[in-house]
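In this note's numbering, the protein residues as written are -8 to 269.
The next block holds one structure in the form of structure tokens; read it before the comments.
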Amino acid sequence: MFKRLIVPAIALALSAAGAAHAQVGADLNISPKRVVFDQGERSATVYIFNQGDREATYTVELVDRVMLPSGEIVAAADRADIAFNSATDFVQYTPRRITLAPRASQAIRVRARPAGQGQGEYRTHLTVTALPAETTGFTAEQAAAMGDEGLSIQVVALFSISIPVILREGAVDAHAGIENLTVVPSSETGGRPALSLDLVRLGANSVYGDVEVHAGQGSSDRLVAAVRGVAVYPETPRRTVLIPLPDTVTRGEPVRIVYRDDDANKGAELATATLLAP
């Protein structure tokens, strides 16, 4: 008798023969990439898109996540040692399960109520996960090839997209600095030299913006690289950012790093630092 076992997993390595892998939901997209409720703002709309050619079903939930100094976002349940203010109790959303036809979209309504603390920032993450279809598994031909007594395991990677939902009370205190700006040589990166820097959060609130790399000065100043949408959340005082240095930058040329706000004061320079290209 052929037996089939489907194991949902984010990542799972199997050494046994006959194991198969499938990925579900890679055609999922979401907009916007973050939701911020500032003072007086209580509702928002998030859209999810099925960009694939098959019908797909998704679950929607709130998951608390925290940031590590590396910039990695992990489940708060896995890092109980990191204290942060959860917004889960203050955020409501609907629907919680969605089925979309190919190339279709759906609105998710998100509402927030005041935390009642007068001042502070709270955060959770709206997480959309694609579920495996009922037909996920082996074809009849594949099953027959296993033999009558075959046992096969199929690992299905569940694809999720998560965006932060931030609730702020009181005046926004968002400031930043740049520290430890250095050049990492190609012998260490395995490719081109890179700029390494620490984004330091100086205010009580999170900061969010773009890290821009400018080369030259005066009329020759030009944007040569950028990392968009870089945040530093309140639970971590700093995070490290690594940016490959383009080959258009010449030796000895002035290089200026700008951390530009894309949040409370869009376009403002949150922090700058300079060095000479090696």
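For every residue, glycine included, the Cβ atom is placed at its ideal position computed from N, Cα and C.
| task | Verify whether the separation of the beta carbon atoms of M58 and T231 is less than 8 Å. | result | On the sequence shown, position 67 is the one that residue 58 refers to. On the sequence shown, position 240 is the one that residue 231 refers to. No. Outside cutoff.
| How about the segment 85 to 103 and the segment 36 to 56: do they share at least three Cβ pairs that are nearer than 8 Å? | Contact holds: three or more Cβ-Cβ distances are below 8 Å.
| field | Integer Cβ distance of I154 from L117, believed to fall under 8 Å | value | Working through the sequence shown from its first residue, we reach residue 154 at position 163. Working through the sequence shown from its first residue, we reach residue 117 at position 126. Confirmed, about 5 Å.
| task | Buried or exposed for T36, please, with buried defined as at least 16 other CB atoms from any protein chain shown within 10 angstroms of its CB. | result | Working through the sequence shown from its first residue, we reach residue 36 at position 45. Exposed is the call here.
| field | Inside the segment 144 to 182 only - beta strand (DSSP E) runs reaching at least 3 residues | value | As summarised for the segment 144 to 182, the continuous beta strand (DSSP E) elements at least 3 residues long and confined to that stretch are 151 to 160 and 167 to 175, given in chain order.
| Q83: first and last residue of the uninterrupted beta strand (DSSP E) it sits in | Stepping through the sequence shown from its first residue, residue 83 is reached at position 92. Per DSSP, Q83 belongs to the beta strand (DSSP E) from V82 to T85.
| task | Let me know the secondary structure DSSP gives T36 once reduced to three states. | result | Here residue 36 is taken as the residue at index 45 of the sequence shown, counted from 1. Strand.
| Between Q97 and A255, what straight-line distance do the alpha-carbon atoms span, to the nearest angstrom? | As a position in the sequence shown, residue 97 is number 106, starting the count at 1. As a position in the sequence shown, residue 255 is number 264, starting the count at 1. It is roughly 28 Å from the alpha-carbon of Q97 to the alpha-carbon of A255.
| said: I need the boundaries of the beta strand (DSSP E) containing L190, first residue and last residue. | reply: Walking along the sequence shown from the start, residue 190 turns up at place 199. Looking at the DSSP string, the run of the beta strand (DSSP E) that includes L190 is A185 to R192.
| request: Kindly indicate which residue of P269, V26, Y49 and P245 has the alpha-carbon position closest to the one of V175. | output: Numbered from its first residue, the sequence shown carries residue 175 at position 184. Answer by Cα proximity: P269.
| said: Rounded to whole angstroms, what is the Cα-Cα separation between A103 and E112? | reply: Here residue 103 corresponds to residue number 112 of the sequence shown, with the count starting at 1. Here residue 112 corresponds to residue number 121 of the sequence shown, with the count starting at 1. Just so you know, the alpha carbons of A103 and E112 end up roughly 13 Å apart.
| message | For I248 and P237, I'd like the C-alpha separation in whole angstroms. | response | Start at 1 with the first residue of the sequence shown, and residue 248 comes out as number 257. Start at 1 with the first residue of the sequence shown, and residue 237 comes out as number 246. Distance from the CA of I248 to the CA of P237, rounded to the nearest whole angstrom, comes to 14 Å.
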